[in-house]
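J.: According to my numbering, the first sequence is numbered sequentially starting from 1.
For each residue, glycine too, the CB sits at the ideal point set by N, CA and C.
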Amino acid sequence: MDLLAALTGPVDAAARALLGCRVAAGGVVIRLTEVEAYSGVGLDAASHAHRGRTPRTEVMFGPPGYAYVYFTYGMHWCLNVVCGPEGQAGAVLLRAGEVVDGVEAARERRRVRDDRDLARGPARLAQALGVDGRATGTSMVDGSGPVSLESPDPAPPPGVAVRCGPRVGVAAEPDREWRFWLAGEPTVSAYRRHVPRPRRGGDNQSPVR
DNA sequence: AGTAGGATAATCT
DNA sequence: GATTATCCTACTG
Numbered sequence: 001m002d003l004l005a006a007l008t009g010p011v012d013a014a015a016r017a018l019l020g021c022r023v024a025a026g027g028v029v030i031r032l033t034e035v036e037a038y039s040g041v042g043l044d045a046a047s048h049a050h051r052g053r054t055p056r057t058e059v060m061f062g063p064p065g066y067a068y069v070y071f072t073y074g075m076h077w078c079l080n081v082v083c084g085p086e087g088q089a090g091a092v093l094l095r096a097g098e099v100v101d102g103v104e105a106a107r108e109r110r111r112v113r114d115d116r117d118l119a120r121g122p123a124r125l126a127q128a129l130g131v132d133g134r135a136t137g138t139s140m141v142d143g144s145g146p147v148s149l150e151s152p153d154p155a156p157p158p159g160v161a162v163r164c165g166p167r168v169g170v171a172a173e174p175d176r177e178w179r180f181w182l183a184g185e186p187t188v189s190a191y192r193r194h195v196p197r198p199r200r201g202g203d204n205q206s207p208v209r
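1) Please name the residue in Val141, Pro158, Val112, Arg193 whose C-alpha comes closest to that of alanine 172.
2) Per the DSSP calculation, aspartate 101 is bridged to which residue(s)?
3) Please determine, among Val195, Trp181, Tyr191, Ala25, the residue with the shortest C-alpha to C-alpha distance to valine 131.
4) By DSSP, does valine 82 sit in helix, in strand, or in coil?
5) Which of helix, strand or coil does DSSP assign to leucine 3?
6) Helix or strand or just coil, what does DSSP make of glycine 9?
7) Are glutamate 34 and leucine 19 touching if we call contact CB-CB under 9 Å?
8) Would you mind working out which of Asp2, Val103, Glu185, Ala135 sits nearest valine 81, comparing C-alpha positions?
9) Counting beta carbon pairs with one atom in the stretch 100 to 107 and one in the stretch 40 to 50, are three or more of them shorter than 8 Å?
10) Identify the continuous alpha helix (DSSP H) that holds alanine 123 and give its terminal residues.
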């Protein structure tokens, strides 16, 4: 089946279809082992597009197959593939994968002891690929942009176990099991529950008196 | 092995 | 002004 066709379907199905695919950018090729689905207005409170169109989320309302790269925690970029039919927001976060080509380039961008940590986590993956916000709005499926996405050459053998569970570090909708990964892959990142940060600095949360 | 805290800036309320 | 779809280092057992 066509990859773009799969991306046009429901985001959770699209997410599953993306496992095993190759993402290429900056001379590095990564085989995806872990992804998360985020869906549209109203349905999924964890989606950036949940509250509707904003300058940032505009891309998610466009056609599938385009890159949505957001900046978070003051220092990290995370790469998403826009999914679902045009007009209906949705995206799949590329969380982790195995570097299958361009290991040297990936090592150059990320200083790690173990190669398995090169793209184990969404910000690490984006960094290994050298992807940042400039890729937002470019196509990942027609070869015109800096990032490209392809199905594995021979289709993935059936019987490869796909696991699912709650999304990592997400505050909203902790029970939605929209994180998908390939069982037994060492490059899958560790699960962490969302931890609200204690208020820093001023303690005047509620003024005494 | 597991947890705790800090870094640091865009985005939205 | 609060919040954040993270990562790294340092500390504890």
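T.: Taking the structure as given:
1) The residue labelled residue 172 in the question sits at position 172 within the first sequence. Taking only the C-alpha atoms, the option nearest alanine 172 is Arg193.
2) Here the question's residue 101 lines up with position 101 in the first sequence. When beta bridges are read from the DSSP output, aspartate 101 appears opposite Val29.
3) By one-based count along the first sequence, residue 131 stands at place 131. Of the listed residues, the one whose Cα sits closest to valine 131 is Ala25.
4) To locate residue 82, count along the first sequence from 1; it is residue 82. Note: valine 82 maps to strand in three-state DSSP.
5) The sequence position of residue 3 within the first sequence is 3, counting from 1. Reduced to three states, the DSSP call for leucine 3 is helix.
6) On the first sequence, position 9 is the one that residue 9 refers to. If DSSP states are grouped into helix, strand and coil, glycine 9 belongs with coil.
7) On the first sequence, residue 34 is found 34 positions in, with the first residue counted as 1. On the first sequence, residue 19 is found 19 positions in, with the first residue counted as 1. Yes, these two residues count as a Cβ contact at 9 Å.
8) Looking up residue 81 in the first sequence gives position 81. The candidate whose alpha carbon is nearest that of valine 81 is Ala135.
9) With a cut-off of 8 Å, the stretch 100 to 107 and the stretch 40 to 50 do not count as touching, because too few Cβ pairs lie within range.
10) Against the first sequence, residue 123 aligns to sequence position 123. Taken as a continuous stretch (DSSP letters only), the alpha helix (DSSP H) holding alanine 123 covers 122 to 129.
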